[in-house]
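Protein chains in written order, with my numbering: chain A, 2 to 511; chain B, 1355 to 1685; chain C, 519 to 858.
Notes follow once the structure below has been shown.
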Amino acid sequence: MAAYIIRRVLASLLILLAATFLMFTLVSVSGDPLAEFVNVTDPDQKALLIQARTEALNLDEPFIAQYFLWLGGAVGCLVPGMDCDLGVNLNNQPVTALLADAFPTTLQLVLAATVLSIVLGVAIGIISAIRQYSAFDYTITFAAFLFFSLPIFWVAVLLKEFGAIRINNWLAEPAVTIPVAFVMGAFSALFFSAIIGGSRKRRALVGLAAGAGGVAVFILLVASGWFSNPGMGPGLVTLGALAGAVGATLLFTNLENRRVLFISLGTAIVGVAVAYSATPLLTDPSWLTLFGLGALATAIGVAIAVIFGDIDRAVAIRASVVTSVIVGLLVFMDKTISSFAAYSEAVNGRPIATIGSKTPNFEGTFWETTLDTMTHLALPTIAIMLISFAGYSRYSRASMLEVMNADYVRTARAKGLTERTVVLRHAFRNAMIPIVTLAALDFGAVIGGAIITETVFGWKGMGVLFTTAVNRFDTNQIMGVFILTAVAVLIFNLIADISYAVLDPRIRLT
Amino acid sequence: MTSPLTPSPTGWTGGMRSAAPEREFTIEARTQGQMVRSRFFRHRGAMLGLGALAFVVIIAYTSIGFWKIPGWWDLDYSSTGVLVNEGSPTLDLIPWVDGDGISVGAHPFGQDQIGRDYFALTMRGTQISLMVALVIGVLATFLGTVAGAISGYYGGASEAVIMRFTDLLLTIPLLIVAAVIAQWTGGKPFLLAVVLSLLIWTSLARLVRGEFLSLREKEFVEAAHAMGASSTRIIFRHMLPNCIGTIIVSATLTIAAAILIEAALSYLGFGVQSPDTSLGLLISTYQTAFNTRPWLFWWPGLFIIIIALSVNFIGDGLRDAFDPKQTRVRA
Amino acid sequence: MSTEILYVNDLTVGFPTDDGLVTAVRGVSYSLKEREVLAIVGESGSGKSVSAMALMGLLPKSARITGSIRYRNEEVLEMSPKRYREIRGQNIAMIFQDPMTSMNPVYTVGDQLAEAYRSHHRVERKVALAKAVEMLDRVGIPQAKDRARAYPHEFSGGMRQRAMIAMAIINSPDIIIADEPTTALDVTVQAQILETLIEVKDSVDAAVILITHDLGVVAGMAHRVLVMYAGRGVERAEVEDIYRRPRMPYTAGLLGSVPALDSAGGKLHPIAGAPPSLINLPPGCPFSPRCPLVSERCQTEEPQLLATDLAHHEVACHNWQKVAEAADPTLLFRAKAVEA
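Here's what the structure looks like:
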């Protein structure tokens, strides 16, 4: 294993070396960084500008020398103890500083979107595979193809119009209008009839009931002024937590396993109790406080599981942990949404943002800044998710279908295992092997920035850094983004291969 | 056109059959190709996609004509004209709205702010986008197949060199290459397509290599070797036909992806350059017109989606048709 | 051998496909006594595996199953999914054809055996693992304790099939269905595996349904034989009768295609032709296009499985008397070849 990794890293470094040279050549033939001085009228000033830039970028040296000068500085970034020098850009800003600004921005943008796409895509892909040729399967297949075929910049413009501007207009004066009520009803109808499944008649009935219910809840919410001052309150949070406990139990065993069910419910109640007894701590907490409280609740849950788990201990612990996470998320969401009224006022009643990664000069409590980040993340996250979600759902559907036909899944059924165990423990575990690899590669790729999404939504991330540099033939800036991206790709390629070997005992890395 | 079931006698040979010569009954004897075709033509999504794509291709190439052949649409995509009714579209496909029936009008897709006919512009953009996607699809498939076949069949040094080369190409961003092309050629669509295919072939090469690696171990390939068949013959007669499904499906999906890649590059200003146009460039040019002249934004987007969606569905149909494991048992 | 524990009556299985309904099993009936070995013999596509899968409820949801399967006076086809699951693995266990793919590659052999035990017994994992080691030891796997921690790919084909047998008997079932258990193995290993199967079956007092295409396998093992052709049972008899006194030309043909030591050097006489397509069966007897004794009636009327001159011996053939009269029925097929 160690020998394999060393060999792979060495090979990757060679590829990286070749790639930087190729890139350097491409950039230098793509245009002249002095070209933008053509329009400077004053000849003295022009000469001065040209001379300054020539010196800063070593433009008077031969091409090969320029490359090695750059490489000399860049090598320092990979070798510990040496200075990392990626040169300066055309504005004389050090590239390392630019990257240090852009990298976290990009991470914030793509990380949530990628994780959400994977979770949603894989879940939906698997349901789609299990219900192959059902209405749900056909709908998801069509939706996935549609999302695949959407130009992201085109969607982004639509999102800004319908996902931000019009919603903000509506939120300014929430009222029951027919189009909004219709959308709410249709969404609820589609969602529940897809979840329930079954015969056409049953789906239609469920859809009808859920549609009517959706509209009713919507009217109720508008009438009670919920949209101006939203939140869940302790009652709903507790209800949600208990439902989460039931869900967690279902995920690992069945509801007839009372022991695990009661342990999960107990964990849920403990979680809610911890959250509300710590209310003073939660008015303006830090991430550390939040994680501490979360860990405390989880630890109590696990302890309950260990003490009362008996022969189902392992299952009970897992169910407890999942329940704790669900409760934590619920409380977090409740607190964040509750700060909506204050936040909305602070941003002049335009809560959903269309540009940038945060409101400039915005100051508020922890919850308000969190909400600010979320409202800025909402649209670009949806835009990125549409496309990568489609990929994951198709891929995991195909992988799952293949595995479901495998002989060992038949063996698992023949043993008399429950369908849940067959699907999750035997089929899903094997179907995940190629998907984990894909996800690792994907993470490597998204570090380079979502160029189009960043451009459209005005996020100053890696992608925008790259395109602006390409537009100005800014060699150092291009190379800086490139080397960071390429290193990320190579590292995640290695992670992909290693995770494959870890997940599949048949693979041995040599 | 489902294939007719070819009547064929049972039994191994004529001699064996003579025991009951009058008792011939039909069993299904269809060639692999016939089965693939019949499965493909039964795929509803693929048929709809094929129809929609054919419609778009025909309308794009016949309306404004191409090369030196004139089309039936008399307005030209580059000449400006008088703005009629703020340039809004005259296409009317819903007869019951204003009661004047279905009509096309002078500018069915409207006009841009300097009075150019937007139908002609969209058709020109569609032509270019289709051409770019097709060139990328064909060229990248060809390169990928050749590289994958060579590295998978011969292995050893040629495999190592080709695979490391694909690793290298995978790290190079498309954007920078497009920028070079834009700088050097002023964004000539054809050249752009050629150069992009030089980067895009790598994923297919990996696929084909994988197929070849497993085919190399198959008995029929060993048998061909044992009978003294040449390498070229084994590659072209025995191995390639066995991965034709993978190649065709991948080619289709590459075309669908290429449509979007071209659009994205043009949107960022590194693809097709003015005065020529493409669907991506049209969206990019007119995205700010969303509130004033929304049709300038809707039409090119709609065409990109129709093309990409059709090609994706055709690819799905092909995959189902080629997958030999598929015995489409319906619930 | 007295009580019948399983009755299969008029079992029919169809699959809807793009080319129409494929009826893989067309009205098969048989019964199984306690501790008995019943062999179901037929070519591939004769419906023998599908009928076993139907019994285990392992067919795809789209399969149309009719008829009756009664296990200890309980109708299997009408069972609740929950009850069915209890029976699967606990009362009726199955061994599959390809041991290479029948075990999950990502779990250790011991884990997979323990899982089978835990799904029917509420015990701690440790207890189940000990049980798994005990079973592996019983099927003749050396150093069972260490081998239980190995993954399936670290086992040889024969070892894996032994592990599958261990998995089948871990819950002491009444019935073990063995679907071509030796087909994918080396000839040298086949006999050992069959021997193990018989040994462990006796140790847990189980009956066995042995599905095979190889009459050679049947000879030393089975008590009774059901021969299947084109989805139907065509001959049902004690094993002795099948070998010495076949009444169906197809069975005679199968016997003629098995090399026997006492006829070393003698010619084999295979049955000409291929089994018919299930979508497009010939009218009358499905075997008639390949049958040397074919008569007018065979081409219009499909024969039913009916009693013959021998006790407990049934056959679906209009001309079984002719087979009975033949001195050596396997030679019928040689005559046909000569005629050609």
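Beta carbons: idealized from backbone N, C-alpha and C, even for Gly.
Here Ala298/A is not near Val323/A, since their CB atoms are 8 angstroms or more apart. When CB distances to chain C are screened at a threshold of 7 angstroms, not a single residue of the stretch 210-233 of chain A falls below it.
The beta-bridge partner set that DSSP reports for Tyr5/A is empty. CA-CA distance, Leu18/A to Pro1424/B, rounds to 52 angstroms. Beyond the five residues adjoining it in sequence on each side, Trp368/A comes within less than 6 angstroms, by CB distance, of Lys336, Thr337, Ser340 in the same chain, given in chain order. Partner residues in the beta bridge of Asp1471/B, as assigned by DSSP, are Gln1465/B. Contacts with chain B (Cβ-Cβ distance below 9 angstroms) from the stretch 465-479 of chain A involve Phe467, Thr468, Val471, Asn472, Phe474, Ile479, listed in chain order.
For Thr619/C, the C-beta contacts it makes with chain A under 8 angstroms involve Ala407, Asp408, Tyr409, in order along the chain. Taking all protein chains shown into account, Phe292/A has fewer than 16 neighbouring C-beta atoms within 10 Å of its C-beta and is therefore exposed. Its chain contains Ile694, Val726 as the residues whose beta carbon lies nearer than 7 angstroms to that of Lys719/C, once the 5 sequence neighbours on both sides are disregarded; these appear in chain order. Here Asp285/A has Thr366, Phe367, Trp368 as same chain residues with Cβ atoms under 8 angstroms from its own Cβ, once five neighbours each way along the sequence are excluded.
Around the CB of Val705/C, fewer than 16 other CB atoms lie within 10 Å, so the residue is classed as exposed.
Contact check for Met746/C against Val546/C passes: the beta carbons are separated by less than 8 angstroms. Within the stretch 1656-1669 of chain B, those residues whose Cβ lies closer than 7 angstroms to any Cβ of chain A are, in chain order, Ile1658, Ile1659, Ala1662, Leu1663, Asn1666, Phe1667.
Only Tyr669, His671 from the stretch 656-676 of chain C bring a Cβ to less than 7 angstroms from some Cβ of chain A. DSSP lists Pro534/C as the beta-bridge partner residues of Leu539/C. Taking a cut-off of 8 angstroms for Cβ pairs, the stretch 117-126 of chain A and the stretch 469-479 of chain A do not touch, as fewer than three such pairs fall below it.
Taking 9 angstroms as the cut-off between beta carbons, none of the residues of the stretch 736-754 of chain C comes near chain A. Taking a beta-carbon distance threshold of 8 angstroms, Ala415/A counts as an interface residue toward chain C. When the five nearest sequence neighbours on each side are left out, the beta carbons in the same chain lying within less than 8 angstroms of the beta carbon of Leu556/C are those of Tyr548, Leu550, Ala725, Val726, Ile727, Leu728, Ala740, His741, Arg742, Val743, Leu744, in order along the chain.
Here DSSP, grouped into helix, strand and coil, assigns Ala384/A to helix.
In this structure, Val543/C sits away from Val559/C, with a CB-CB distance that is not shorter than 8 angstroms.
Linking Thr1646/B to Ile1661/B through their CA atoms gives a straight-line distance of about 26 angstroms. In the displayed model, Ala611/C falls within a strand according to three-state DSSP.
One thing to note: Thr250/A has its Cβ within 8 angstroms of the Cβ of Leu262/A.
Around Leu1529/B, the beta-carbon contacts reaching into chain A at under 8 angstroms are Ile452, Phe467, Thr468, Val471. In the DSSP assignment, Arg754/C falls within the beta strand (DSSP E) that extends over 750-756. Looking at Ile613/C, Ile687/C, Met766/C, the one whose alpha-carbon comes closest to that of Ser721/C is Ile687/C.
Those residues of the stretch 496-507 of chain A placed with their C-beta closer than 9 angstroms to a C-beta in chain C are Leu504, Asp505, Pro506, Arg507, ordered along the chain. When the beta-carbon positions are compared, Ala834/C and Gly771/C stay at least 8 angstroms from each other.
In terms of beta-carbon proximity, Asp537/C stays away from the interface with chain A, with every pair separated by 8 angstroms or more.
Inside the stretch 378-453 of chain A, DSSP marks whole alpha helix (DSSP H) runs of 4 or more residues at positions 408-415, 430-447, from first to last along the chain.
Closest in C-alpha terms to Leu402/A, from the list Lys416/A, Val96/A, His427/A, Ser389/A, comes His427/A. In this chain, the beta strand (DSSP E) harbouring Met746/C covers 742-747. In its chain, beyond the 5 residues on either side, Lys47 have a beta carbon closer than 6 angstroms to the beta carbon of Val41/A. Taking a cut-off of 8 angstroms for Cβ pairs, the stretch 411-420 of chain A and the stretch 429-443 of chain A do not touch, as fewer than three such pairs fall below it.
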